[in-house]
Amino acid sequence: MAVSTRTDLHLARRRTTNFVMLGFCVLASIVALVMLGLVLYFLASQGLKHISPRLFTRLPNNIDIKQGGIAHSIFGTLTLLGIASLISLPLGILGGIYQVEARGRFAFAVRFLTDVLNGIPSIVIGIFVYAAYVYPLSQRNPGSGFSGYAGGLALGIMMIPLVMRTTEEILRLVPFSLREASLGLGATRWRTMWSIVLPVARGGVITGIMLALARVAGETAPLLFTILGNEYFPTKQANVLGAKVTVPAMNTAIDALPLRIFNYAVGPNLEQHDIAWAAALILIAMILIFSIAARYATRGGVLEEH
Amino acid sequence: MTDRPLQGSVRPKPQKVVAEAAAATEPQPGPARPAVRRVGDTVYGGLTFAASLSIFAIILWIAWKLTEQSLPTIRAYGFRFVTGTEWDEVKGVFGVWPFIFGTLYSSFIALVLAVPISLGAAIFLSELAPRWIRTPVTFLIELLAAIPSVIYGLWGIFILLPFLREKVMQPILNSPLPNLPGVSGMFQGYGVGPSMLAAGVILAIMIIPFITAVSRDILRAIPRAQREASYGMGATQWETIQRVVVPYAKSGIIGAVILGLGRAFGETMAVTMVIGNQTPSNPFALFEPGYTMSSALANKFTEASPGLHTAALIEVGLVLFVVAILVNIVARVLVFYTAKDIQGGR
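Below, the structure written as structure tokens:
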């Protein structure tokens with residue numbers, strides 16, 4: 001009898017521990033979800049309350065803030081993403097191809113350093129572009145330096161490892177038998193990559209690019225040191241096919257959506273706080289569009305089941 | 001979302017031999033063609049190789065430029081720059097220890113809050129949750145990892161700070177807790193909102209999705225047979241998790257936490273927006289404003305004058321760079337070896 005009671009007690013204790021600890025795990029999940037739900041809830045409710053079409057068409061108005069918009073910030077963010085893509089896509093995709101094709105210590109080192117570069121804080125990239133580009137330029141020619149190019153360079157440097165890593169992961173999913181078939185028919189390696197592997201993986205590569213864009217679109221810290229921000233559309237006169245045209249200027253301080261959110265949020269003006277919430281919603285919508293486009297790009301592809 | 005350390009190392013065996021065999025048995029082409037194909041493949045190999053070199057180039061370029069531009073303060077202060085406890089632009093004295101301490105302290109608060117919650121959630125998602133819960137929750141967590149830090153900062157200023165002020169700081173300050181011996185330093189201050197505590201909480205909220213996602217991936221990669229063996233011996237579900245699953249994944253989970261720590265170290269915008277940016281009278285005070293390395297950078301930069309002051313700020317960036325590299329290397333190595341172990345055990 002005594003033995004059986006002790007076993008029962010032991011079993012009861014084990015069952016209780018099991019129950020309590022599993023309960024803790026469920027509770028932890030609920031706490032995490034509630035906190036994160038609160039972030040999304042306030043973002044949606046405050047953002048929807050203050051969003052309006054004028055934000056997309058007008059410039060900031062410092063006399064009647066409620067009549068102002070953030071058109072130049074939205075345009076600035078899109079331009080920065082364009083410049084960043086021009087810098088990072090060729091390097092990222094070619095580098096990703098190298099990491100799939102190459103083996104050995106060097107390829108391993110490249111892969112490892114890609115991850116390390118991915119983990120470097122964005123503010124460090126920002127201060128680097130400041131030290132390497134903005135500061136030297138401004139020393140030579142006061143008033144210059146901060147520019148769309150500098151901001152695009154910072155975001156581009158952040159995108160390179162992201163694109164490289166996803167390209168590599170996707171290309172690795174392409175069945176090796178496809179490559180072997182192509183090589184066996186006498187195709188060269190570049191021809192096999194260009195005509196066989198890349199077309200198969202196209203959706204996946206585009207997904208990687210979209211996710212990288214979504215990731216850098218909201219970066220603020222590097223922009224503090226590179227584009228400075230402003231409240232107007234910088235333009236310049238350009239000569240297009242003999243005609244004088246006014247085009248957006250890149251070689252000067254420009255603005256971007258995340259920077260505008262930051263400046264309005266830390267300022268004292270309540271009406272600017274409202275615009276900051278709406279701008280946050282616009283930024284999130286942009287990021288969501290990139291992410292959804294990423295999902296759409298993979299749909300129906302050969303690699304869908306992965 | 002983009003950090004998926006497991007995937008990189010779980011890869012098929014090289015197929016080089018097969019490819020080479022295929023190349024060797026192909027029909028001999030005419031005399032003019034080999035040169036052309038050699039050129040094509042050489043250009044292809046060279047281009048892709050050069051592109052992958054850009055990674056080395058960028059890291060070296062960052063290290064070189066940051067060192068070069070911070071030479072004035074490196075020459076003037078040497079190692080005292082890191083240990084100096086006073087930063088005064090007007091007097092021209094630059095010591096970053098208060099900022100380094102702020103970074104460590106806020107990240108520590110964040111880890112204390114985030115690690116139990118993230119691990120609990122990761123265990124729930126990988127071991128307990130049925131599929132209809134797991135899929136949407138995983139999606140939500142990935143979504144939250146995609147929210148930019150400036151938006152967490154915005155939320156922090158207008159939602160978190162009022163909440164902490166009314167529901168946490170004032171009640172604690174009005175309770176006998178601050179008068180207890182030993183902890184009084186932690187509860188100094190007026191508790192108006194912007195504070196070290198707020199920075200720690202916002203960091204915790206930001207790294208929870210990240211640590212959860214990475215540890216869940218690691219837990220799910222553990223072979224089923226391990227769990228089945230444990231259940232077969234009569235272990236309860238928790239005993240299986242505690243004695244089989246978690247020990248198996250231990251170094252990978254530590255790696256995930258260190259990666260989260262790395263993010264907390266470098267996080268700028270959200271922290272800058274809620275920490276208050278003042279040198280605290282007591283570095284341990286939870287309810288007083290403080291500084292971290294990155295928030296000091298973001299905050300002091302706009303009014304920096306060229307010369308020693310700018311150089312000092314760039315050297316703060318250099319310190320952050322070195323710390324980030326070290327943290328990442330340690331974490332990646334841990335995650336890599338766990339993945340390798342799991343591969344081997346299969």
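Quick note, the sequences are listed as chains D and H, same order.
Residue numbering for the first sequence follows my numbering, starting at 1 and increasing by one per position.
Residue numbering for the second sequence follows my numbering, starting at 1 and increasing by one per position.
We put the beta carbon where it would ideally sit given N, CA and C, even for glycine.
Keep in mind that this is a model prediction, so the values were computed, not measured.
Notebook entry, point to check: What is the rounded straight-line gap between the Cα of Thr345(D) and the Cα of Leu241(D)?
Noted result: Missing from the structure shown is residue 345(D); chain D here goes from 1 to 306 and no further.
**Report entry** Nearest residue (CA-CA) to Ala198(H), options Phe163(H), Leu177(H), Asn179(H)
**Finding:** The residue you call residue 198(H) lines up with position 198 of the second sequence. Ala198(H) has its Cα closest to that of Phe163(H), out of Phe163(H), Leu177(H), Asn179(H).
query = If we count the other Cβ atoms within 10 Å of its Cβ and call it buried at 16 or more, is Met210(D) buried or exposed?
reply = As a working mapping, residue 210(D) is identified with position 210 in the first sequence. Buried is the call here.
Under the three-state reduction of DSSP, which class applies to Ile157(H): helix, strand or coil? Numbered from 1 along the second sequence, position 157 holds the residue referred to as residue 157(H). Under the three-state reduction of DSSP output, Ile157(H) falls in the helix class.
In chain D, what lies closer than 7 Å to Met269(H) by C-beta? Taking the second sequence and counting its residues from 1, the one referred to as residue 269(H) is at position 269. Neighbours of Met269(H) on chain D, chain order: Thr220, Ala221, Phe262.
Kindly say whether Val168(H), judged by its beta-carbon, lies nearer than 8 Å to any beta-carbon of chain D.
The sequence position of residue 168(H) within the second sequence is 168, counting from 1. Not one chain D Cβ lies under 8 Å of Val168(H).
Do the segment 102-119 of chain D and the segment 189-198 of chain D meet, that is, are 3 or more Cβ pairs less than 8 Å apart?
No, because fewer than three Cβ pairs between the segment 102-119 of chain D and the segment 189-198 of chain D fall closer than 8 Å, the two stretches do not touch.
Item checked: Start-to-end residues for the alpha helix (DSSP H) that takes in Pro222(D) -> Numbered from its first residue, the first sequence carries residue 222(D) at position 222. In the DSSP assignment, Pro222(D) falls within the alpha helix (DSSP H) that extends over 221-224.
Report the neighbours of Gly78(H) on chain D: residues whose CB is nearer than 7 Å to its CB, in chain order. Position 78 of the second sequence, counting from 1, holds the residue named residue 78(H). Under the 7 Å cutoff, chain D gives no residues; its nearest Cβ is about 20 Å from Gly78(H).
Query raised in the report: Interface residues of chain D around Ala110(H) at Cβ under 8 Å?
Result: In the second sequence, counting from the first residue as 1, residue 110(H) sits at position 110. Per Cβ cutoff of 8 Å: no residues; Ala110(H) is ~13 Å from chain D at best.
Q) DSSP three-state call for Phe94(H): helix, strand or coil? A) The residue given as residue 94(H) occupies position 94 in the second sequence. In the displayed model, Phe94(H) falls within a strand according to three-state DSSP.
* To do: Check the Cβ-Cβ distances between Leu152(H) and every residue of chain D, and say whether any is below 8 Å.
  => For this step, residue 152(H) is matched to residue 152 along the second sequence. As written in the sequence, residue 152(H) is Tyr, which differs from the Leu given in the question. So yes, Tyr152(H) belongs to the interface.
Any chain D beta carbon closer than 8 Å to Gly40(H) = Here residue 40(H) is taken as the residue at index 40 of the second sequence, counted from 1. At least one C-beta of chain D is nearer than 8 Å to the C-beta of Gly40(H).
Can you tell me the Cα-Cα spacing of Asn62(D) and Gly68(D), whole angstroms? As a first step, residue 62(D) must be located in the first sequence, where it is residue number 62. As a first step, residue 68(D) must be located in the first sequence, where it is residue number 68. Taking C-alpha positions only, Asn62(D) is separated from Gly68(D) by approximately 8 Å.
Next item on the list: Within its chain, find whatever has a CB closer than 6 Å to the CB of His309(H); leave out the 5 residues flanking it on each side and keep chain order.
Entry: Your numbering for residue 309(H) matches position 309 in the second sequence. Leaving aside the five residues that flank His309(H) on each side, the residues in its chain whose CB is nearer than 6 Å to its CB run, in chain order, Glu89.
Check whether the segment 256-265 of chain D and the segment 227-235 of chain D are in contact - that is, three or more C-beta pairs closer than 8 Å. For the pair of segments examined, the segment 256-265 of chain D was found to touch the segment 227-235 of chain D: the number of CB pairs separated by less than 8 Å reaches three.
Exercise. Check whether the Cβ atoms of Pro72(H) and Trp87(H) sit closer than 8 Å, and answer yes or no.
Key: Here the question's residue 72(H) lines up with position 72 in the second sequence. Here the question's residue 87(H) lines up with position 87 in the second sequence. Going by beta carbons, Pro72(H) and Trp87(H) fall outside the 8 Å limit.
Notebook entry, point to check: Val335(H): buried (16+ other C-beta within 10 angstroms of its C-beta) or exposed?
Noted result: In the second sequence, residue 335(H) corresponds to position 335, counting from 1. Counting Cβ neighbours within 10 Å, Val335(H) comes out buried, since at least 16 surround it.
Is the beta carbon of Arg149(D) sitting closer than 8 Å to the one on Ile83(D)? For this step, residue 149(D) is matched to residue 149 along the first sequence. For this step, residue 83(D) is matched to residue 83 along the first sequence. Checking the displayed sequence, the identity of residue 149(D) turns out to be Tyr instead of Arg. Result yes, Cβ atoms of Tyr149(D) and Ile83(D) sit closer than 8 Å.
- Task: Give the DSSP-derived three-state secondary structure of Leu78(D) in the structure shown.
- Result: The residue given as residue 78(D) occupies position 78 in the first sequence. Residue state, collapsed to three classes: helix.
Open item on the list: At the 8 Å Cβ level, is Asn141(D) part of the contact set with chain H, yes or no?
Closed with: Stepping through the first sequence from its first residue, residue 141(D) is reached at position 141. No - not a single Cβ of chain H is within 8 Å of the one on Asn141(D).
- Is Arg202(D) close to chain H, meaning its C-beta is less than 8 Å from at least one C-beta of that chain? Taking the first sequence and counting its residues from 1, one reaches residue 202(D) at position 202. No - not a single Cβ of chain H is within 8 Å of the one on Arg202(D).
From the beta carbon of Lys300(H), is the nearest beta carbon of chain D less than 8 Å away?
Looking up residue 300(H) in the second sequence gives position 300. With 8 Å as the cut-off, Lys300(H) does not count as an interface residue toward chain D.
### Message
Starting from Lys236(D), trace the beta strand (DSSP E) in both directions and tell me its first and last residue.
### Response
Counted from its first residue, the first sequence places residue 236(D) at position 236. DSSP places Lys236(D) in the uninterrupted beta strand (DSSP E) bounded by 235-240.
Buried versus exposed, by CB contacts within 10 Å (16 or more), Ala307(D): Only positions 1 to 306 of chain D appear in this structure, which leaves residue 307(D) out of reach.
Rounding to the nearest angstrom, what Cα-Cα distance links Asp64(D) and Ala293(D) in this structure?
Taking the first sequence and counting its residues from 1, one reaches residue 64(D) at position 64. Taking the first sequence and counting its residues from 1, one reaches residue 293(D) at position 293. C-alpha of Asp64(D) to C-alpha of Ala293(D): approximately 37 Å in a straight line.
Which runs of the alpha helix (DSSP H) spanning at least 4 residues fall entirely within the segment 197-232 of chain H, listed in chain order?
Residue ranges of uninterrupted alpha helix (DSSP H) with 4 or more members, entirely inside the segment 197-232 of chain H and ordered along the chain, are 224-232.
Limits of the unbroken beta strand (DSSP E) element including Ala243(D):
Indexing the first sequence from 1 puts residue 243(D) at position 243. Where Ala243(D) is concerned, the enclosing beta strand (DSSP E) stretches over 243-248.
Next item on the list: Determine the chain H residues that contact Ile31(D) at a beta-carbon separation under 7 Å, and present them in chain order.
Entry: Here residue 31(D) is taken as the residue at index 31 of the first sequence, counted from 1. Reading off the sequence, residue 31(D) comes out as Val, not Ile. Going along chain H in sequence order, the residues near Val31(D) (Cβ under 7 Å) are Ile117.
Inset, instruction - Starting from the C-beta of Gly193(H), find all residues in its chain whose C-beta is less than 6 Å away, skip the five residues before and the five after it, and write them out in chain order. - result: Position 193 of the second sequence, counting from 1, holds the residue named residue 193(H). Leu161, Arg165, listed in sequence order.
Inset, instruction - Could you tell me the distance, in whole angstroms, from the CA atom of Ile314(H) to the CA atom of Leu297(H)? - result: Within the second sequence, numbered from 1, the residue matching residue 314(H) stands at position 314. Within the second sequence, numbered from 1, the residue matching residue 297(H) stands at position 297. Answer to the nearest angstrom: the Cα atoms are 8 Å apart.
Checklist line | Sequence-distant residues of the same chain with beta carbon closer than 6 Å to Ala154(D), five excluded per side | finding: By 1-based counting over the first sequence, the position of residue 154(D) is 154. If you ignore the 5 residues before and after Ala154(D), its C-beta comes within less than 6 Å of the C-beta of Ile125, Gly126, Val129, Pro222, Thr226, all in its own chain and listed in chain order.
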